[in-house]
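What follows is a single structure, written as structure tokens, with notes after it.
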Amino acid sequence: MTNAKEKIRKKFLSLRNRLFSLISEAQKDSIIQNLVSLEEFKNANCILAYFSKDSEVPTLKLIEKLLQEKKIVCLPRTDFESKLLIPRRINSFSDLIKNKFGVYEPKPECLEVEPSKIDLAIVPGIVFDRNGYRLGYGYGFYDRFLSNKNFFKIGLAFSFQIIEQLPFEEHDVRLDCIVSEKEIIRLKK
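Using my numbering, the letters of the sequence shown map in sequence onto residues 1122 to 1310.
As structure tokens, then:
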């Protein structure tokens, strides 16, 4: 199973890296517009987002919007020893530093937020399927964090990152929704 996942991961990461520069700003913005149109998003007070890197769906404008709207904005801080994501609140971009992978994350002194306080989580991925499964970079940080949590889980994707079915394992966590520039896929649990 892991070998099959790794092949898919490499294929779609390469595809995303090749196509990213061809995606218009309007297409990138439409993903965020589709996201903010969701009732679950509008009603959420505390939102876990991610700071995009490289060819991921860009989230800078989204985070700016959340901060302007005075939402409680959490970003994951990665604990590489425990292999856990720790949600920490940010109040501005000055609360961020780069980790060892070059990803911006909250400084250690930022307030840790209890997962039970989070209303909605926005997660990245390399490839998604129409059943709500996703493949990330293969470290399992998001699956560990998202498991057994009651908040609404949304994946952001470019339409070419969505396929019919991915191989999955028992520990893989299904999302509630996947948002792309072309569609909003709501998933039944």
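Ideal Cβ placement from N, Cα and C applies to all residues, glycine included.
Contact annotation: the stretch 1210-1226 does not touch the stretch 1267-1282, with fewer than three C-beta pairs closer than 8 Å.
Here Pro1236 carries a helix assignment [DSSP, helix/strand/coil]. Taking the Cα of Ala1125 as reference, the smallest distance to any Cα among Ile1284, Phe1289, Asn1155, Pro1229 is reached at Phe1289. The C-beta distance from Arg1210 to Ile1193 rounds to 6 Å, short enough to fall under 8 Å. Taking the Cα positions, Cys1167 is about 31 Å away from Phe1133. Under the criterion of beta carbons closer than 8 Å, Leu1196 and Phe1222 do not qualify as touching, at roughly 14 Å. Between Ala1278 and Val1157 the beta-carbon gap is near 16 Å, outside 8 Å, which marks them as no contact. Counting along the chain, Ile1129 sits inside the alpha helix (DSSP H) bounded by residues 1123-1140.
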